[in-house]
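So the protein sequences, as listed, match chains U and P. 204 is the number that my numbering gives to position 204 of the first sequence; each next residue is one higher, with no gaps. 173 is the number that my numbering gives to position 173 of the second sequence; each next residue is one higher, with no gaps. As structure tokens, the structure follows; a few thoughts come after it.
There are 2 protein chains.
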Amino acid sequence: MSRDQHALVVEPWCLRETRLDLDNLARMESLFAVSNGHIGLRGNLDEGEPSGVPGTYLNGVHERRPLPYAEAGYGFPEDGQTIVNVADGKLLRVLVDDEPLDVRYGELHQHERTLDFKTGVLSREVEWSSPAYKRVRIRTWRMVSLTQRAIAAFCMEIEPVDDEARVVVQSGLVANEDVPVTTDDPRVAAALQAPLEHEMSGTHGAFASMVHHTRVSGQRIASAMDHESKSPNKVSMESKANEEWARTTISTRLKAGETLRVVKYVAYGWSHQRSAPALRDQVAAALTAARDTGWEGLLAEQQEYLADFWDRADVVVTGDPEMQQAVRFALFHVLQSAARAERRSVPAKGLTGPGYDGHCFWDSETFVLPVLSHTVPDAAADVLRWRHSTLDVARERAQQLGLAGAAFPWRTIDGAECSGYWPAGTAAFHINADIAHAVVHYIHSTGDLAFEREVGLELLVETARLWRSLGSHDRHGRFRIDGVTGPDEYSAIADNNVFTNLMAAKNMRAAAEASARHHRQATDLGVDAEEAASWRDAAGAMLIPYDEELGVHQQSEGFTDLAIWDFEGTEPEHRPLFLHYPYFDIYRKQVLKQADLVLAIQMCGDAFSAEQKRRDFEYYEALTMRDSSLSSCTQAVVAAEVGHLGLAYDYASEAAFMDLRDIARNTGDGLHMASLAGAWIALVQGFGGLRDDGDMRFAPALPEGLDGLSFGLLREQVRLQVEVTPTSASYTTSGGGLTIYHYGEQVDLVDGETAQRGIDKSPKLDRPRQPVGCEPQQRDEMASGMASLVDD
Amino acid sequence: MSRDQHALVVEPWCLRETRLDLDNLARMESLFAVSNGHIGLRGNLDEGEPSGVPGTYLNGVHERRPLPYAEAGYGFPEDGQTIVNVADGKLLRVLVDDEPLDVRYGELHQHERTLDFKTGVLSREVEWSSPAYKRVRIRTWRMVSLTQRAIAAFCMEIEPVDDEARVVVQSGLVANEDVPVTTDDPRVAAALQAPLEHEMSGTHGAFASMVHHTRVSGQRIASAMDHESKSPNKVSMESKANEEWARTTISTRLKAGETLRVVKYVAYGWSHQRSAPALRDQVAAALTAARDTGWEGLLAEQQEYLADFWDRADVVVTGDPEMQQAVRFALFHVLQSAARAERRSVPAKGLTGPGYDGHCFWDSETFVLPVLSHTVPDAAADVLRWRHSTLDVARERAQQLGLAGAAFPWRTIDGAECSGYWPAGTAAFHINADIAHAVVHYIHSTGDLAFEREVGLELLVETARLWRSLGSHDRHGRFRIDGVTGPDEYSAIADNNVFTNLMAAKNMRAAAEASARHHRQATDLGVDAEEAASWRDAAGAMLIPYDEELGVHQQSEGFTDLAIWDFEGTEPEHRPLFLHYPYFDIYRKQVLKQADLVLAIQMCGDAFSAEQKRRDFEYYEALTMRDSSLSSCTQAVVAAEVGHLGLAYDYASEAAFMDLRDIARNTGDGLHMASLAGAWIALVQGFGGLRDDGDMRFAPALPEGLDGLSFGLLREQVRLQVEVTPTSASYTTSGGGLTIYHYGEQVDLVDGETAQRGIDKSPKLDRPRQPVGCEPQQRDEMASGMASLVDD
């Protein structure tokens, strides 16, 4: 058992904290968040204080606020959106002989928290003496149900250790908690201060409910709680409520060794349209169902749900226990972010924190969905159904921008563009191709033609229309897409970004193909043969800038002619660049925040020869500062493909530990869902070599230090289990046969049988150069850094 | 005598309004503004109301305010600056038997206002009956002294027409007048509402003074007034003051035909550093001097100053009376904007209105200074001395941006960058070369080597350093300047903008040359031989993108590969484009707001062959929408040069009538100083063919419809008079000899003698095409449009 500097223990199936670090509360609250994608609870202490950032989030619940501009322009969004902290149902305050449990007072003898990936429960054990020397042992369990999406449930046990004590539990539901202010715009602060307006409250015995609404966005939110208690002695329970809080007080007297057990059920419901009484009744009904299931029943459902998930989706890493923990931690949180989102978005931080205002970006389709499509395909479909539900807004936005089809927002909660800096927002049109790519990938993974017909086709057609109107043919017949921003945020408003152009071409081809498959539906969407032809033609004529002299692709046209950033002259304290240098200077030089051309290699591999991939990777590797958390997993995947396995391992490690090690130093605002998904991507697409762009292709190879890798995938409802060793790979299906490719060799898998193939390690290449100071930490160094902390 | 739709009469030496149009008050207030560059008074009615935009401005007096960003970035300026309306000393309210003069009540029998270009006085004649049928004749005169820079003076005469009346004049000095609110940011509105904080007031007889300061920018402003009156009957005068106003009340009783005459002297003083008592005494002293001079004395000084100006600077247009008036109106206002600015800026609107927040842009050096250098050279020097005084701020800004030397602001009042949208602000680095160009042009025009040594050299050196650090050599040895914005605001953040690169090259060469001329001073600035060589080398290697296929220069690299804007599909009501299309779309297409490459042809003509000039002009002509008021004069100059004389005339007319006809529909915010200067530029550089980049070259040619053009210029203190007829040009100097070039032929002019040369009209070319709906109005149509309004 090893332990990192933040008292986190390395174990295969859970995240465990063995002491409480008051200086890192926010970070731990994010790591220990529980969610089902519908409701998210940060890992705030049960007693509420001390806290880093209190957080209870409901997917889609937000407030609108003005977006200010020093100099406004046509089409700049006027309103922003910010996720709001709703009524906090996590609160279980404890009083021991009238002394409130607060770890900052008295003495904390023991503290341990465990997030169990198999049970889906966050548990905590505390032994604490009050300032008056009353010692109690407290155990709590917390879950957001994966099976009953409106429900969170809590259990608390309190036991006096040495002496009799009067124990009071105040269970709360508290609206408009103070949250840290992060803006200096008084209008924004005003919009977000106490965002919940009261409508009704009610109590009955151990039950309490409240209804609030947000002032400007007009969302109505109902919350309710109910309680059960068990004590060897008499227990009194009573509830009160006012406009901002409801409270159930549970009181008993315990002898040493006796235990009070309180179970709390909390339900949330929210709607733009339903009335307050309807929502109030809705949460009461959900609570009734939860009480009927009972705490043990909810635990059992949760475990069953997760057992099924791990059975098909587990990734086993042999020889690297930290990585083993990290990838399960990652998969668990990715699942939590999306499992029950059900036609809502997966925000960049999931429902684990207020970072990025709770917005959803391209991260969701580009990084999270490839994982979901192979592991929780229904959740992937729901995210795309959410995009589909925002098509009208996207069509309006396209029209406002003078474009055809649909222009999806760079950042949003409800589908409206909220980007306040257009060169890195509106201009990043690739989001549209990213969505289309996720549609195609989902359909390839699942064979879900009904989805394609009902949802996918329209998304493909409207985004293809966008590209066709955004680009144009030049006098040489090349199709150009000028003045857009690709994935790399250290370049903007450039012509013919390779990633964008390749993805747009795929998008247009996919729209043409899907229109052919679903002729009647396509006709209903107004697609005719000429339009489909114009997509195929534009895709075929797409301009892909290439520097013949250097023998590399240009990230965008002219990119390789630009001055190279003065990496040597950049002080380490001047990173990340965007906080220390003006955009104009960053944009006009060869310097990358994150993989861009390399992401094109990953996602559009057919467009590159093997030699081009290697040369391109090495060229851009020397320019990439990785100031974005979205970069490492892509670099890992392509490093592995071109033969830099050791480097790939380093990048995989960085992606996997982004939050566990707080590499970006902002985990406190919420987890990086894309990086967490990236841990899976780095392993499965990197060392498993999976590419799934129609055919399912593998080119597995393990780096030194990894003894084995195994992972499960769903493909058209068939389960595929892949086991990779340093010298071979074996493929086993269950539930049907499957054709896959191993290093280009077609392998027809028969249900229940295992096919094994050898792996020829590619020749060892010289490790490519990164910018000074931007080299990833080597996996073995990072691991030994951890080992040295054992028994710290 | 013809009259336009706004009751403006065409006369050679004045602007005359013959009726009051209540719907166009703001526009007329701008046209009738009087200023000396130090103090500016909008043409508000003497009685204060009704008004469009009340305005009394002191050059440099501003308030700071926060610049908000939806998404902030490194180096975005945090504070903006806004010109403030200081205590209004124009007010002379009149009561006739206790009825206030207000043209909206009673009956206005006659109204006439005249701005006289020879006397420098705005006069007004009103005959008005009060609602109680008391008829009075009122005449007023208003001037801002060109000789006593702190002084404005007013005279009012009131005469009852039919009947005896009690007449009261309330002369005011009113701080914190209500002005129209133009922001929806409450912080900005708060900063600018009642910006003047009171410090002291005092009165004594007919004298009153006040001292205020601005809250955040901390500027202290003193204002004072004193009065003389004359009446056949007893007059009482008394003054009062409080925190926001001072008032002197002058009261008398007049029989019909008797006249009360009131003279009002107003003085202003302001400072960042001087104390309130010191400023109070300063304005009292200025008032004493003005009273000593007396109203008639001030009138005489004003007339003498202007006689001298017109003697050397008048432009005589034969055959086009409207143009004659327009160019004198223009010259008069250009003079007013700068005459006594004395080490302050010339804002884009002069001191005629609050437009552009009162900021100074590149307009000043690029458009206004070429006129001043040849007509009021001391004023040109003072503007450049102002830039020089802001060098420390510009050096700090350069450092903040990671650059060497000095980065002058895109927009500012006090020298600090106030641009809130960097792609059209910070990135428009050409402002630095524009300043350098103005330095060089001023020195060529005046031979003022002391200025070069003391002021010019440092400006040239620090801007050259900026360019050297902003650009870099690529692997082919070309010097590139990437990711900047040229003059055309419909393109941004482009590589190797031809205008910018040519101007930067000139800047660097000029710095090297000046450093050689002033070796000791250059050494003091740290310039050594290596640095000067690096400037010459970069200038020599400058990349100038050229499209070999099309045979035209590229406005910036790759420009001619971009899609051409859909001009046909652009509805007239969707102009100007920037109000109806998003920047991203405008930037990535071939469409120009204003001359850019064509301005390079004008300012860096040596870099183009005659054939290239014509081809380039015609190519860009088809793309230029002229949505900026800064375009027409440049198009006029280059159209004339390449042989499109008729078109040049149309553009000259548009520049000249920008404000008189309110072509941009925002004259109400203030006059367009650059366009006014552009009227001179279009005539002198266009039809006079003047280029003055070392040698003074002329290539005169008149368009059909102009019978003659004559203009005066100063060149190294020699007066040169040029007379152009359709077939010949004659050049006469006084005060010394001069060498000039007439169509390339060297002509050595002898003091007092006239040299005449013939003009061969160039062959008639086909008129080039403009974008649909962007054709300039043809001069003869515009003129006949005016003629048809005669007797309207």
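Note that beta-carbon positions come from the ideal geometry of N, C-alpha and C, so glycine has one too.
Exercise for review: Using only alpha-carbon positions, find the residue among Ser472/P, Cys604/P, Val144/P that is nearest to tryptophan 295/P.
Suggested key: Val144/P
**Study point:** Nonlocal neighbours in the same chain, by C-beta distance under 7 Å from alanine 539/P, ignoring five residues either side
**Key:** Ala505, Met508, Arg509
Exercise for review: Can you give me, in chain order, the residues of the stretch 413-426 of chain U that have a beta carbon less than 9 Å from any beta carbon in chain P?
Suggested key: Cys418, Ser419, Gly420, Tyr421, Trp422, Pro423, Ala424, Gly425, Thr426
Check your understanding: Does DSSP put methionine 658/P in a helix, a strand or coil?
Key -> coil
Review point. Nearest to alanine 636/P by CA position, among Ile663/P, Ala595/P, Gln521/P, Asp382/P, is which residue?
Key: Ala595/P
Review point. Helix, strand or coil for aspartate 357/U per DSSP?
Key: helix
Exercise for review: Consider the C-beta atom of arginine 779/U and the heavy atoms of the ligand NAP; say whether any pair is separated by less than 6 Å.
Suggested key: Of the ligands one can find in the structure shown there are none, so the ligand NAP has no counterpart to examine.
**Study point:** 7 Å CB neighbourhood of alanine 436/U in its chain, flanking five on each side removed
**Key:** Leu459, Leu460, Thr463, Asn507, Ala510
Check your understanding: Could you give the C-beta distance for glutamate 17/U and alanine 7/U, rounded to a whole number, given that I count them as a contact under 8 Å?
Key -> 5 Å
Check your understanding: Can the beta-carbon of alanine 222/P be found closer than 7 Å to that of leucine 279/P?
Key -> yes
Review point. Tell me which same chain residues have a C-beta within less than 7 Å of the C-beta of arginine 719/U, skipping the five on either side of it?
Key: Arg312, Gly712, Thr733, Ser734, Gly735
Point to revise | Cutoff 8 Å; reference methionine 1/U; Cβ partners in own chain excluding five residues on either side | key: For methionine 1/U, the pLDDT reaches just 37, beneath the cut-off of 50, and the residue's location in the model is therefore unreliable, leaving the point undetermined.
Practice item. Tell me whether valine 169/U sits in a helix, a strand or coil according to DSSP, three-state version. Key: strand
Exercise for review: Identify the contact partners of arginine 626/P in chain A, using a Cβ-Cβ distance below 7 Å as the criterion.
Suggested key: In the displayed structure, chain A is absent; the protein chains listed are U and P.
Exercise for review: Check whether the stretch 34-46 of chain P touches the stretch 345-353 of chain P, counting contact only when three or more Cβ pairs, one atom from each stretch, lie closer than 8 Å.
Suggested key: yes
Exercise for review: Mind listing the chain P neighbours of phenylalanine 578/U? Cutoff is C-beta to C-beta under 9 Å, in chain order.
Suggested key: Gly73, Tyr74
Point to revise | Separation of glutamate 454/U from threonine 390/U, as counted between CA atoms | key: 15 Å
Check your understanding: Closer than 7 Å, CB to CB, is tyrosine 546/U near chain P or not?
Key -> no
Exercise for review: In the DSSP assignment, find the alpha helix (DSSP H) that holds phenylalanine 617/U and state where it starts and stops.
Suggested key: 610-621
Review point. Since leucine 671/P contacts phenylalanine 687/P with CB under 8 Å, what's their CB separation in whole angstroms?
Key: Between phenylalanine 687/P and leucine 671/P the Cβ distance is about 23 Å, and since that is not below 8 Å, they are no contact.
**Study point:** CA-to-CA distance, phenylalanine 657/P to glutamate 775/P, given in whole angstroms
**Key:** 16 Å
Review point. Within 10 angstroms of its Cβ, does serine 236/U collect 16 or more other Cβ (buried), or is it exposed?
Key: exposed
Practice item. With DSSP as the reference, label phenylalanine 479/P as helix, strand or coil. Key: strand
Review point. For serine 209/P, which three-state DSSP category applies?
Key: strand
Practice item. Specify the secondary structure class of arginine 291/P as computed by DSSP and reduced to three states. Key: helix
Review point. Which residues, in chain order, does the stretch 573-603 of chain U contribute to contact with chain P at a C-beta distance below 8 Å?
Key: Phe578, Leu579, His580, Tyr581, Pro582, Tyr583, Phe584, Asp585, Tyr587, Arg588, Lys589
Exercise for review: Flag this pair as touching only if the stretch 47-60 of chain U and the stretch 364-374 of chain U have three or more C-beta atom pairs under 8 Å; answer yes or no.
Suggested key: no
**Study point:** Own chain partners of aspartate 97/P with C-beta closer than 6 Å, once the 5 adjacent residues on each side are dropped
**Key:** Lys134, Ala165, Arg166
Practice item. Can you give me, in chain order, the residues of the stretch 458-473 of chain P that have a beta carbon less than 7 Å from any beta carbon in chain U? Key: Ser472
Review point. From threonine 56/P to histidine 212/P, what does the alpha carbon distance come to, in whole angstroms?
Key: 14 Å
Point to revise | Beta carbon of histidine 261/U nearer than 7 Å to that of histidine 38/U | key: It is arginine, not histidine, that sits at residue 261/U in the sequence shown. Cβ distance not < 7 Å, so arginine 261/U and histidine 38/U don't count as in contact.
Point to revise | Contacting positions in the stretch 50-75 of chain U - beta carbon closer than 9 Å to chain P | key: Pro66, Leu67, Pro68, Tyr69, Ala70, Glu71, Ala72, Gly73, Tyr74, Gly75
Exercise for review: Look at the Cβ atom of histidine 644/P, then the Cβ atom of leucine 550/P, and state whether they are nearer than 7 Å.
Suggested key: no
Exercise for review: Along the beta strand (DSSP E) that carries valine 136/P, what are the first and last residues, could you check?
Suggested key: 135-144
Point to revise | Selection of the stretch 547-571 of chain U by Cβ proximity to chain P, strictly under 7 Å | key: Glu557, Gly558, Asp561, Leu562, Ala563
Check your understanding: Name the DSSP beta bridge partners of threonine 739/U, please?
Key -> Asp748/U
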